[in-house]
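Residue numbers (the working numbering), protein chains in the order written: chain A, 1 to 249; chain B, 1 to 104.
Inspection log for the structure reproduced underneath, given as C-alpha cells.
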Amino acid sequence: VPSTCDWRKWAEVTKTVRNQNNCKCCWAMAAAGNIEALWGIKHRQSVEVSVQELLDCNRCGNGCNGGFVWDAFITVLNNSGLASEKDYPFRGDDKAQKCQAKKHKNVAWIQDFIMLMDNEQAIASHLATHGPITVTINMKLLQHYQEGVIRATPTTCNPNLVDHSVLLMGFGKTKSVARMPAEASQGGALTRPRRSTPYWILKNSWGPKWGEKGYFRMHRGSNACGITKYPLTARVDKPAKQLSVSCPP
Amino acid sequence: GSLRAQAPGPQPLELKEVFTLFQIQYNRSYSSPSEHARRLHIFARNLDQAQQLQEEDLGTAKFGVTPFSDLTEEEFAQVYGHQEAPGRVPNVSSKVVPEEWGKS
C-alpha cells in the first residue's frame, strides 16, 4: 500500500462533482462515479454515465426515494451497461419515469460487483491497485462540515447506522505540526503539537460548493462513521483475449 | 446573544446578521415570518452544535455554516440520506475468509 493515493489526479477519471439536490440518490451517484472512474482507469477513456437510468430502471422503481449501491450495480448488469449522462440526463424529480434504457446506446458496462473486506488496510490496498470504490457512512457530521479531516468516535458518529453512500477516491496524511517554542516565549498562544493524521479522500454528491470543492476527508484507521461497513465496487475489465478451446475427442 | 461569523472581522456579528448572510449566500427565502423565525431558531441550534463538534473533534475538521444549517438533523437525514442499510447485503455472496478454505 503506498503512503498516498489520489485518483483525482488520473486524467481520465471524471472530475465532475454531482449534485443530488433534493433527490435521495447518493447510492446511484456513488455507483455511477465508481463505474466512471474504473472505466477511465481501465480503458483510458473518460465517460459520464446516466444516473437517471439507475433511478428509472432500478428493480424497486422508487426513483428519488432512496436505494442501495448494490441495486445500482444489479441494474447495470440487467441492462448490459449504462447510457451516457448526455443521452439520458439527470432530472432528479420525485417520480421514477419509465425505464428508457433501450432507447440509448450503452457507453460503459461492468463484469460484476464485489464487496471488499471490512478492513481499512485491505480497502486501501484495493483502492490503490484497482481504483475508487463506494462506501456507505453515517453522514451525521457532514451537515456542519466545512473542511479538514473529520476524526469521529463511535459516540459522535455511530459506525453501525450508515445512511449515505459516497465514493472513496484516495488517502493520505496531514503534515505534522511541531510545537513552536518561539511563539510561547513571545507571549503568543502555544501551538498544540499535532501528529500527522492519516485520512481518506471522499467524493460527495452535494455539488462542488460543499466541503472541499465537493470532497471531504475522514480519519483513516478508526472505522470513522462506519466507513468499512459496505465497501462495494464494480469490476470493470477489458475483455480478456479469448483462448480458443476445443473439446477433447 | 451574539455569535462570531465565519469570516474574521473586528466585531462579532449578531445571530440575525449571520442568518441573513446565510440566506443570501445560499439563496434561501421562507414562506412566512413564522417559518423564518423557526428556521432562525434551527440555524442557531445548528451553530451551537457545530461549535460543540469543533471543540470535540480530534482531527483538523472545521464545522460551521453550511448549505444545511437551516435544517433539523431529522430533515437533513430525510432529504439527503438513503434508508438505513440492512444488517447484511441481500443476495450478495458472503465474503471469503481464509478460515473457510478447504472446507466443503
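We put the CB at the ideal spot given by N, CA and C, even for glycine.
> Hey, quick one: how far does the alpha helix (DSSP H) through Ala37/B stretch, first residue to last?
Replying inline: What you label residue 37/B is simply residue 37 of the second sequence in a count that begins at 1. 33-56 is the extent of the alpha helix (DSSP H) around Ala37/B.
> Roughly how many whole angstroms lie between the Cα atoms of Lys203/A and Ser246/A?
Replying inline: For this step, residue 203/A is matched to residue 203 along the first sequence. For this step, residue 246/A is matched to residue 246 along the first sequence. Straight through space, the alpha carbons of Ser246/A and Lys203/A are spaced by roughly 48 Å.
> Of all Cβ atoms in chain A, is any one closer than 9 Å to the Cβ of Tyr80/B?
Replying inline: Taking the second sequence and counting its residues from 1, one reaches residue 80/B at position 80. At least one CB atom of chain A sits nearer than 9 Å to the CB of Tyr80/B.
> Exposed or buried, Ser69/B, counting other C-beta atoms within 10 Å across all chains shown (16 or more means buried)?
Replying inline: The count along the second sequence starts at 1 and reaches residue 69/B at position 69. By the neighbour-count rule (16 or more Cβ atoms within 10 Å), Ser69/B is buried.
> In three-state DSSP terms, what is Phe19/B?
Replying inline: Start at 1 with the first residue of the second sequence, and residue 19/B comes out as number 19. Looking at Phe19/B - three-state DSSP - the assignment turns out to be helix.
> For Val162/A, which residues of its own chain have a beta-carbon under 6 Å away from its beta-carbon, when the five flanking residues on both sides are left out?
Replying inline: The residue given as residue 162/A occupies position 162 in the first sequence. Closer than 6 Å at the Cβ level, and outside the excluded window around Val162/A, lie Thr136, Ile137, Asn138, Gly226, Lys229.
> So with Cβ pairs under 9 Å, would you call His272/A a contact of chain B?
Replying inline: This structure cannot settle anything about residue 272/A, because the visible part of chain A is limited to 1 through 249.
>> Tell me the rounded alpha-carbon separation between Arg38/B and Ile24/B.
In response: As a first step, residue 38/B must be located in the second sequence, where it is residue number 38. As a first step, residue 24/B must be located in the second sequence, where it is residue number 24. CA-CA distance, Arg38/B to Ile24/B, rounds to 17 Å.
> Counting contacts by CB-CB distance shorter than 9 Å, is Glu56/B in contact with chain A?
Replying inline: On the second sequence, position 56 is the one that residue 56/B refers to. Yes, contact with chain A.
>> By alpha-carbon positions, which one of Val177/A, Ser196/A, Arg151/A ends up nearest to Leu58/B?
In response: As a position in the second sequence, residue 58/B is number 58, starting the count at 1. Among Val177/A, Ser196/A, Arg151/A, the Cα nearest to that of Leu58/B belongs to Arg151/A.
>> Mapping the DSSP letters down to three states, classify His82/B as helix, strand or coil.
In response: Counted from its first residue, the second sequence places residue 82/B at position 82. Coil.
> From Lys98/A, Thr134/A, Ala108/A, Cys64/A, pick the residue whose C-alpha is nearest to that of Ser46/A; which is it?
Replying inline: By one-based count along the first sequence, residue 46/A stands at place 46. Of the candidates Lys98/A, Thr134/A, Ala108/A, Cys64/A, the one whose C-alpha sits nearest the C-alpha of Ser46/A is Ala108/A.
> What does Asp6/A pair with, by DSSP beta-bridge criteria?
Replying inline: Within the first sequence, the letter at position 6 stands for residue 6/A. Under DSSP, Asp6/A forms a beta bridge with Gly170/A.
>> Am I right that Thr233/A and Phe113/A are in contact with their C-beta atoms under 8 Å? What's the rounded C-beta distance?
In response: Position 233 of the first sequence, counting from 1, holds the residue named residue 233/A. Position 113 of the first sequence, counting from 1, holds the residue named residue 113/A. That belief holds up - the Cβ atoms of Thr233/A and Phe113/A are roughly 7 Å apart, short of 8 Å.
> Looking at the C-beta of Ser69/B, does it have a partner C-beta in chain A at a distance below 9 Å?
Replying inline: Locating residue 69/B in the second sequence gives position 69, where the first residue counts as 1. Residue-level contact check: Ser69/B touches chain A, since one or more beta carbons of chain A fall below 9 Å from its beta carbon.
>> Using 8 Å for Cβ pairs, my map puts Ala83/A next to Asn106/A. What's the rounded Cβ distance?
In response: Here residue 83/A refers to the residue found at position 83 when the first sequence is read from its first residue. Here residue 106/A refers to the residue found at position 106 when the first sequence is read from its first residue. Contact flag correct, Cβ pair sits at about 6 Å.
> With burial defined as no fewer than 16 other Cβ atoms inside 10 Å of the residue's Cβ, what is the status of Val96/B: buried or exposed?
Replying inline: Your numbering for residue 96/B matches position 96 in the second sequence. Legend: pLDDT at Val96/B = 43, less than 50; position of this residue unreliable, value from coordinates given subsequently. Classification for Val96/B: exposed.
>> Out of Val18/B, Asn46/B, Ala77/B, which one is the CA nearest neighbour of Glu144/A?
In response: One-based indexing of the first sequence puts residue 144/A at position 144. The residue you asked about is not Glu; residue 144/A is His in the sequence shown. Scanning Val18/B, Asn46/B, Ala77/B for the CA closest to the CA of His144/A turns up Asn46/B.
> Are Leu127/A and Gly170/A close, meaning C-beta to C-beta below 9 Å?
Replying inline: Indexing the first sequence from 1 puts residue 127/A at position 127. Indexing the first sequence from 1 puts residue 170/A at position 170. It is a contact, given that the beta carbons lie within the stated cut-off.
> From Pro154/A to Gln100/A, what distance separates their C-alpha atoms?
Replying inline: Taking the first residue of the first sequence as 1, we reach residue 154/A at position 154. Taking the first residue of the first sequence as 1, we reach residue 100/A at position 100. As the crow flies, the alpha-carbon of Pro154/A is around 43 Å from that of Gln100/A.
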